[in-house]
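Read in order, the letters of the sequence shown correspond to residues -31 to -1, 1 to 1030 in mature numbering (1 follows the signal peptide of the UniProt record, and there is no 0). The beta-carbon is built from N, C-alpha and C at its ideal position, and this holds for glycine as well.
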Amino acid sequence: MIFNFSPALLLSLFRKVAFLVFFLAFTAAHAQVPMWLDERRNEENRMPMRSSYEVYESEAALQKADWKLSNNYLNLNGDWKFKWVENPADLPARFEAVDFNDSQWKTFKVPGNWEVNGYGFPIYSSAGFEFVYLMAPNPPVVPMQENPTAVYRREITLPQNWKGKQVVLHIGAAKSNLAVWVNGTYVGYGEDSKLPSDFDVTSYLKPGKNLIVLKLMRWCDGTYLEDQDMWRVSGITRDCYLLARNPVHLYDVELVPDLDDAYKNASLRVKLKLNQKPTQPISADFQLLDGKKLIKQQQITFTSDSAVFNLAVNAPKLWSAETPNLYHAIIRLKDGQGTVTEIIPQRVGFREVEIKGGKLLVNGKPVLVKGVNRHETDPVTGQTISKEAMLRDIKLMKQFNINAVRTSHYPNEEYWYELCDEYGLYVVDEANIESHGMGYDITKTVANKPTWVDAHLMRVQRMMERDKNHPSIIVWSMGNEAGNGYNFYRSYLWMKARDASRPVQYERAVADYKTFTWEWNSDAIVPMYPTPEGMAAYAKANPTPERPFIMCEYAHAMGNSLGNFTDYWKLIRENKHAFQGGFIWDFVDQAFQEVNVAGDTIYTYGGDYGPKDRNIPSDKNFLCNGIFYANREPYPHAWEMKKVYQDIHSTLVNPTTISVYNEKLFTGLENVKLEWELVVDGVKKKSGVISNLKVGSQETAQVKVPVKLPTSGEAFLNLTYKLKNAEPLVAAGHIVATEQLVLRRKAPQQLALKGKAALHVQESANALTIALASGAISFDKQTGWLNQYVVEGVRYLEEGAGLKSNFWRAPNDNDYGAGLQTKLKAWKTAPQQAKLQKLTSSVQNNLATVEAVYTLPEVSGQLSMQYRVNSAGELLVRQHLQADTTKKVAMLPRFGMQWILPAGFNAVEFYGRGPHENYQDRNYSAHLGVYKQTVAEQYFPYVRPQETGNKTDIRWYKVTNGTGNGLLVTSETPLSISALHYFDQDLDDGDEKQQRHAGELKPRPQTQLSIDAAQMGVGGVDSWRSWPLEKYRLPYASYEVQFMIKPVKGAAGAQVQLKSK
């Protein structure tokens, strides 16, 4: 037989055969690749995600409202048999078998992270896969020769009354993946370490005892989508249980509120979905209650597996972060006889979220986002967070004027959203997607590789399905720092089709950061770390933006930071057409709490764990960026955030009238009282209370304050706004806002040192000495520095120390990030390298004058020092730096002098800004006043030692010992001063950060007193590039500072003197 084939037919047959061969080969190849190395397969036999809810079997169980007390649940938290190995190949054979002998295995509590419980070691990487010390990134491949893996085994007894029911295994969260066996049979697999995995295990169970086995690996292909800036730790981190359901039951509940155009009346769209189409009559009774009051009721009978209906609700109380009004929805499923078979409670918040006119609106009002980013982190338990710890965080947010939180960078535990619903926080719910370590190149990022599309879609879809009923969630986020491309385009389109009631945002949809231009797959412009200058340019160039501008991250609060926070918010409030706030990075340090071998409590960070010889990646303390310490103590900058974020703003109209503006959108100041004080020269002269503030939302009112301006002195009106009655999580009397209004500034007073008894200068080979009645003041002739100060028998200067110029500070984290520890290093050694050119002395009008002139070759400057002394030991110091501005020299970290006092000088009192530490770019929250503190209190233990303890706008500053003897520092112009039981070298890591911890430092008995004309700002844009804003710098120029030092006598000395008279 002869066949005649045309070339076209042959080509067609060849293509079909070739495709079939390729398809079979591809299928065979992927069938051989395990799921944890195949980006196309991310789950197997896992149940579809549903809305989060608890299901109860009776009214009595509903009233208890605790799944652990319900007969529907079998709690799997607690001890499991546990085997941890270095890599999967080391697992014992047949570990899943029922007859496997695990008697020698240890136990491990669930939930819990392996690495904080003695198995493996935590790794901290900010951006970059933590396994790079084992292999270069090569998606989807992960190390297998070393990939810590653990098996959990637990025997359970099935309750007898579960017979005939569907049983679901719920694993709250497992990192990085999860495989399940029941009674020796494989059940299924799942990835995404921040969402639950549910498996129908009914067919695998038998009456009585059953064995559940779980296997987790530290790394899998999903790790390439979980490259977040956090500790890389593993394990099961959320609740686990078995759940018994009737054969036919409610599987999913969807509640979608909608408001009319007037934001007054509402409708509630209810969708109830069964697990299957019923074969017997089944109905649902839906009730909407306000407390115990029935608002609406709907009864439906299922004719298919789902039912949808709408309820009209007239004038409901609306939900917002200010007014978190919640209604209760109770769904009772009934059989054909009308018997209740299960009860599911949900909460409903009626609110409308939309974007109109380029603004993000809640209930028709443009919200001002006063937000923080928050990781799920605990200093002891790692990434396993208790309900009590979550409530504590909510409480802190409410107390510190935070109104919004971004779940950086993954969906949080379900209870977190319940708390945000109940207490009122706007939430940006973020999918567990970050592939930062692959970069953003469109040809390399997995965001643009179609084989990864299902992995991306799965994570956003499951997040939305679980969290869809929470009113606190006002924006969905597709992820963080994962590039952009095909997979995010697909994800955005799916999300917009699935939920039309919320916007979707994504930071890496950015097209041009210079102009803040975003691609189409983000409903909002959500930049990271824009500079105030860049924002000002954007506001000017965009008078009518089409999209909201809300910073998803800003004000990187690492170490001694959050400078220029007021500058951000001045821009935001003055350009409301363009900006709506942002989310600080971040809420709390991720440090772990440990006790070292010396018994010191320290807070650990990247580099503190793992073998030192294996190049384990570490970004050191870059995970300590909190507004709060890991133990939830507020950092000094927390108070700055609280004041800037406050909703009540006051200005002075005249000395007896203030203007009060209420920035809130939905509530007035009915529950707020105003306590005022008239303060003159730091001392309270008069006070009062105004209990009735009639200021509605977004309104301004003038309030009379019965004060009379004194005839002299520096006068302020201090305003403190407090709650009259307790509000949820916030006690009565809690301070919600403060203000300090200037009534009269103090007129500058020229320092004048008066001559008293006669004195003279004695000169020896090594010193110039001014003899006093019972003391001496000496200068070293070799260096020119003052090196002895004894007055009335009291030594005020430490042996071997001197009063010396100081232009350096111990670098803070922002300094290191900008490289200032090396760029400004010439100023660190300038005083030591100073070359004395002239040292002279003279006496005139009973005043001794010593003058020293130095060249500063490293900084092309000349330093002139002048000291004037009288017989009482009073010292007037003038320091002048003459800069050669024709030369290119770096800016100064500070300009001042340093004095080391001997042991015993432990108390300070000052008139300046306090009570907490403050700097020129972070002192808005520190009011001027007179404060009494200890030197020990001046030091704040930043996780990594650095600059600390400064106070600004100092009028006078006193340091005393136990008998009250001490020094009083005054100046014509306000100073910047600190007193510490640490020297700068104790806090300075040098050219590179060292692996040090505040808890390991030991205070010195001496006191280092730094007296400055100024210190540069701490910075607050980011911690890897930016310098302090220009207006908070000390550019290379000529500077001068003058201050007076007077010895002060204690009460004991004064009493002796009185008796002698």
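From the DSSP output, in three-state form, read off residue i for me.
i           : result
residue 981 : strand
residue 385 : helix
residue 243 : strand
residue 918 : coil
residue 363 : helix
residue 645 : strand
residue 511 : coil
residue 536 : helix
residue 954 : helix
residue 891 : strand
residue 232 : coil
residue 168 : strand
residue 873 : coil
residue 406 : helix
residue 717 : coil
residue 999 : helix
residue 476 : helix
residue 602 : coil
By how many angstroms is the C-alpha of residue j removed from the C-alpha of residue i?
i            : j            : result
residue 126  : residue 50   : 16 Å
residue 596  : residue 559  : 11 Å
residue 537  : residue 510  : 18 Å
residue 31   : residue 314  : 8 Å
residue 1009 : residue 961  : 31 Å
residue 388  : residue 763  : 59 Å
residue -10  : residue 6    : Any reading at residue -10 must be qualified, since the residue scores a pLDDT of 37, below 50, and its modelled position is unreliable; the value itself is stated next. Using only the alpha carbons, I get a separation of about 20 Å.
residue 662  : residue 365  : 26 Å
residue 134  : residue 176  : 12 Å
residue 1013 : residue 816  : 14 Å
residue 573  : residue 970  : 14 Å
residue 111  : residue 55   : 14 Å
residue 351  : residue 403  : 20 Å
residue 737  : residue 757  : 10 Å
residue 535  : residue 909  : 22 Å
residue 759  : residue 746  : 6 Å
residue 902  : residue 401  : 46 Å
residue 872  : residue 1016 : 16 Å
residue 406  : residue 354  : 27 Å
residue 967  : residue 576  : 15 Å
residue 810  : residue 754  : 13 Å
residue -6   : residue 2    : In this prediction, residue -6 scores a pLDDT of 40, lower than 50, which makes its location untrustworthy; the coordinate-derived value is nonetheless stated afterwards. When rounded, the distance between both Cα atoms is 11 Å.
Alpha carbons only, please: which of the options is nearest the one belonging to residue i?
i           : options            : result
residue 586 : 848, 97, 795       : 97
residue 698 : 888, 359, 867, 473 : 359
residue 806 : 823, 813, 814      : 823
residue 130 : 42, 100, 781, 53   : 42
residue 863 : 367, 453, 132, 997 : 997
residue 498 : 521, 253, 506, 221 : 521
residue 781 : 527, 756, 552      : 527
residue 856 : 754, 868, 829, 429 : 829
residue 945 : 890, 513, 912, 244 : 890
residue 820 : 790, 657, 752, 784 : 752
residue 541 : 362, 517, 525, 650 : 517
Can you tell me where the alpha helix (DSSP H) holding residue i begins and where it ends?
i           : result
residue 423 : 422 to 436
residue 467 : 455 to 467
residue 783 : 782 to 787
With the cut-off set at 8 Å, would you say residue i and residue j are in Cβ contact?
i           : j            : result
residue 837 : residue 850  : no
residue 980 : residue 865  : yes
residue 119 : residue 224  : no
residue 529 : residue 916  : yes
residue 777 : residue 958  : no
residue 983 : residue 1003 : yes
What is the residue span of the beta strand (DSSP E) that residue i lies within?
i           : result
residue 689 : 684 to 692
residue 200 : 199 to 201
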